[in-house]
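This report refers to the structure that appears directly beneath it.
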Amino acid sequence: MSHIPDELRYSVSHEWVRDNEDGTVTVGISDHAQALLGDLVHIELPDVDAEFGREDGIAVAESVKAASDIYSPMEGRVTEVNEAVLDSPELVNSDPYGDGWLFIMEVEDIDMLAALMDAETYSDILEAAAEEAEDY
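Residue numbers (full-length UniProt numbering): 1 to 136.
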């Protein structure tokens, strides 16, 4: 089972969100998402100051297996991107919740964090999806 830190919030499209408690959030993809993608070879990140709505395509992760869109989990403006993953996309595989973070956003409404899943709910969804896959 994937590692799912309790202090983060999660989207249905497998992005995680950390409240930085200053009106910004840090965003990355979950351990589950990076495992599905496999070894990442390229990451496209948004431009700083770009604005996105919730669920807008914001970045792209390319692996040896596939390319996958990454979606904005909240409405806001990008204030910083993780330059390290541009040079070393494998950081997302090795440390998705630490050095493999993708970008920081200044969010329109921090209370919208509550609309995202907590770790327990996200874990339950992953378990249900795994059980459903086993039924096939």
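Glycine is no exception: its CB is placed at the ideal position from the N, C-alpha and C atoms.
Member of H14, D6, L8, E7 whose CA lies at the smallest distance from the CA of Y129 = According to the sequence as given, residue 129 is Ala; it is not Tyr. Considering only alpha carbons, the answer is H14.
Could you tell me which residues DSSP pairs with D69 in its beta bridges?
-> D69 is bridged to V60.
Distance between I70 and L8 (C-alpha atoms, nearest Å) = 17 Å
Look at G76 and E55 and say whether their C-beta atoms are less than 7 Å apart.
-> no
D111 in three-state terms, based on DSSP = helix
Relative to the alpha-carbon of V60, which residue among F52, L37, E44 has its alpha-carbon at the smallest distance?
-> E44
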